[in-house]
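Chemist: Here our numbering is used: the sequence shown runs in plain steps of one and ends on residue 101.
Here's a structure for you.
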Amino acid sequence: MTRILPHFAAYPLCSVKQSHYALWALAVQLLHSSFGKTLSEQTRMIYLSYAAAINRGASNSVIAIYPQLAHGGSGVAALPSYTLPTSLNL
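Take a look at the structure:
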């Protein structure tokens with residue numbers, strides 16, 4: 012957490028993976044803040060909704076326990092702001 016998150020804050024990804032990384036970083040921070048504690052149902056659902064929005068989504072075994080994740084959830088994550096270097100002239 013002390014190396015990966017600062018690295019990608021300084022050098023953000025330039026593709027759809029940026030949004031996946033942003034959700035992953037939120038999930039990591041959520042789990043880090045909850046370390047050693049039992050997750051509340053609300054915190055568990057937030058974490059699972061982040062995980063379900065990344066890459067291939069939630070696994071079938073997770074969806075069997077939390078069927079509301081099959082629909083992609085309705086949460087919206089605030090993504091980091093990002094600008095392209097002016098040298099790219101896009």
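All residues carry an ideal CB built from backbone N, CA and C; glycine is no exception.
Straight-line CA distance for Leu37 to Ser51?
Modeler: Looking at the two C-alpha atoms, the distance is approximately 17 Å.
Chemist: Helix, strand or coil: which one does DSSP assign to Leu50?
Modeler: Leu50: coil per DSSP, three-state reduction.
Chemist: Straight-line CA distance for Val73 to Ala62?
Modeler: Between Val73 and Ala62, the C-alpha separation is close to 10 Å.
Chemist: DSSP on Asn66, reduced to helix/strand/coil?
Modeler: Asn66 falls in the coil class under three-state DSSP.
Chemist: Assign Ala33 to one of two classes, buried (16 or more other C-beta atoms within 10 Å of its C-beta) or exposed (fewer than that).
Modeler: Per the 10 Å Cβ criterion, buried.
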